[in-house]
Every structure is written in C-alpha cells, then in structure tokens.
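S.K.: Just passing along the structure, written as structure tokens.
In full-length UniProt numbering, the protein residues as written are 1 to 86.
Structural data, given as structure tokens:
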C-alpha cells in the first residue's frame, strides 16, 4: 500500500514500524487519499506509535507541507548509504 522499503535484520519487518508519524492538517486531497492517511494513522496508533498533527498555520506545519505533508520516524535502523548495493 505505501511502497515503504523494508529492512531485514533478523526482525519482523513485514509491516511498517513507526515510532512517530508527523502529519500536516492541510492534506488537500481526494477522499480516497485522506482515507489512506486515516488508516495509516490508525495503524501507527494500534502498533504503539504516536501521531503528531501539525497546523498549517504554524511554521512547523508549513515546513512539513514542503516535504509532502507527512513524515515518519522509523523504529528500526536503515542501512548506511555505503552499505546499499546499487
């Protein structure tokens, strides 16, 4: 659903593991996209993560909107760029 790269380091990485989800409140998109975001928020909350919603009227919300309006802090480390084979 979200095309998120998963890392296998001996852990269960079959589903996204987020510790924090940062969402802007100005997601001006169609109903289907907003429903996907709502499902993602519910998934993060159900897995023990926290969700922070930023107002578009605050500078932090404006900055988040410049990088797609949504961001996540992962629970598992990603490999360094030097370790990735291209």
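Backbone N, C-alpha and C fix where the C-beta goes; we use that ideal spot for every residue, glycine too.
Looking at the unbroken beta strand (DSSP E) that takes in residue 47, where does it start and where does it end?
M.R.: By one-based count along the chain shown, residue 47 stands at place 47. No beta strand (DSSP E) contains residue 47, which DSSP labels as neither H nor E.
S.K.: By the three-class DSSP mapping on this structure, what secondary structure does residue 57 have?
M.R.: Indexing the chain shown from 1 puts residue 57 at position 57. Of the three classes helix, strand and coil, the one that applies to residue 57 here is coil, per DSSP.
S.K.: Would you kindly report the start and end of the unbroken beta strand (DSSP E) that includes residue 73?
M.R.: Along the chain shown, read from residue 1 onward, the residue named residue 73 stands at position 73. It spans 70-74 - the beta strand (DSSP E) in which residue 73 sits, taken as one unbroken run.
S.K.: How many Å lie between residue 65 and residue 80 at the Cα?
M.R.: Here residue 65 corresponds to residue number 65 of the chain shown, with the count starting at 1. Here residue 80 corresponds to residue number 80 of the chain shown, with the count starting at 1. So the two alpha carbons sit approximately 27 Å from each other.
S.K.: In angstroms with no decimal places, state the Cα-to-Cα distance between residue 19 and residue 32.
M.R.: On the chain shown, residue 19 is found 19 positions in, with the first residue counted as 1. On the chain shown, residue 32 is found 32 positions in, with the first residue counted as 1. Looking at the two C-alpha atoms, the distance is approximately 25 Å.
S.K.: Just to confirm, are residue 57 and residue 17 a CB contact at a threshold of 9 Å?
M.R.: Residue mapping note: residue 57 aligns to position 57 of the chain shown, counting from 1. Residue mapping note: residue 17 aligns to position 17 of the chain shown, counting from 1. Going by C-beta atoms, residue 57 is not nearer than 9 Å to residue 17.
S.K.: Quick test of your reading: residue 40 and residue 71, contact by CB under 8 Å. State the CB separation rounded to the nearest angstrom.
M.R.: Within the chain shown, the letter at position 40 stands for residue 40. Within the chain shown, the letter at position 71 stands for residue 71. That belief does not hold up - the Cβ atoms of residue 40 and residue 71 are roughly 12 Å apart, past 8 Å.
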